[in-house]
Every structure is written in structure tokens, then in C-alpha cells.
Amino acid sequence: MKYDAIIVGSGPAGVFAALELVEAKKKVLIIDKGKLIKERTCPIIAGKVDSCINCPSCSGVSGWGGAGSASD
Ligand SMILES: Cc1cc2nc3c(=O)[nH]c(=O)nc-3n(C[C@H](O)[C@H](O)[C@H](O)COP(=O)(O)OP(=O)(O)OC[C@H]3O[C@@H](n4cnc5c(N)ncnc54)[C@H](O)[C@@H]3O)c2cc1C
């Protein structure tokens, strides 16, 4: 499939940029290195570890919604 725009990062900036493009009838692909929002869990918050273990993709700031989804 061909896209008019490919956005790297599904944080607020990427999501709202995509919204503008879709409203202008553009085909958009969003790519993010993080997980889907339902799969975003921090091992500290889950009580599995006491301190940051530097996950390959930090669920606190990466994935759908970016830092805005799970920071609070
Ligand atoms: C702890 C915390 C609390 C906050 N509280 C508030 C608040 O109360 N109110 C407020 O207004 N703001 C708050 N913020 C700030 C707000 O979250 C950010 O301003 C906002 O998320 C920035 O949006 P963004 O889209 O620019 O970047 P981000 O949200 O950082 O999104 C970037 C996305 O790009 C992805 N990405 C990065 N590099 C790559 C790559 N190479 N390949 C693929 N994907 C990539 C990341 O995974 C991420 O999902 C808080 C931030 C933090 C960390």
C-alpha cells in the first residue's frame, strides 16, 4: 500500500499530525517503537522490580500516545 505520509512516533504530535492529514483525505501510516496501549506496563508499577531495568522500549514514554498516555 502507498501512503501520502509516514509518521514516526505516535505521541500527541504524531497522532494529531495524522488527524490533520486524514481530515485532508491523505493516507497515513504511523510507526512507533513502543507497544500498543493495552500492552504498555512498567515493571516497577507492576511491582516486579524495585528500580528501572531499562526496558528496550519504555512503556512509560513509548507506544501509542507517547509520553502523554502513561506518564500520569
Ligand atoms: C512523567 C511525565 C509527565 C507528564 N505530564 C504532563 C502533564 O501533566 N501535562 C502535559 O501537558 N504534559 C505532560 N507531559 C509531557 C507530555 O507527555 C509531552 O509533552 C508529550 O507527550 C510530547 O508529545 P510528542 O508527541 O512530541 O512526543 P512523545 O510523547 O515523546 O512521543 C514520541 C513517540 O515517538 C516514538 N519514537 C521515538 N523515537 C522513535 C523511533 N526511532 N522509531 C519509532 N518510534 C519512535 C516514541 O515511542 C513515542 O511514542 C509529561 C511527560 C512526562 C514524561
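One rule links them: number in the working numbering = place in the sequence shown (from 1) + 268.
Cβ atoms here follow ideal geometry from the backbone N, Cα and C, with glycine treated the same way.
Using the C-alpha atoms, what's the distance from residue j back to residue i?
{"i": "Glu288", "j": "Pro324", "result": "31 Å"}
{"i": "Gly336", "j": "Ser327", "result": "11 Å"}
{"i": "Ile298", "j": "Gly331", "result": "11 Å"}
{"i": "Ala329", "j": "Ala338", "result": "Checking the sequence, you will find Val at residue 329 rather than Ala. In a straight line, the C-alpha of Val329 is about 7 Å away from that of Ala338."}
{"i": "Ala281", "j": "Gly315", "result": "31 Å"}
{"i": "Phe284", "j": "Ala273", "result": "13 Å"}
Along the chain, where does the alpha helix (DSSP H) that runs through residue i open and close?
{"i": "Ala273", "result": "Here Ala273 belongs to no alpha helix (DSSP H); instead the beta strand (DSSP E) covers 273-276."}
{"i": "Leu287", "result": "280-291"}
{"i": "Ser337", "result": "335-338"}
Just verifying my parser: in three-state terms, what is the DSSP assignment at residue i?
{"i": "Ile313", "result": "coil"}
{"i": "Ile305", "result": "helix"}
Identify the continuous beta strand (DSSP E) that holds residue i and give its terminal residues.
{"i": "Val329", "result": "It is not in any beta strand (DSSP E) - Val329 carries neither H nor E in the DSSP assignment."}
{"i": "Ile298", "result": "296-299"}
Using 8 Å as the Cβ pair cut-off and three pairs as the minimum, do the segment 287-296 and the segment 312-321 touch? Segments in contact, no.
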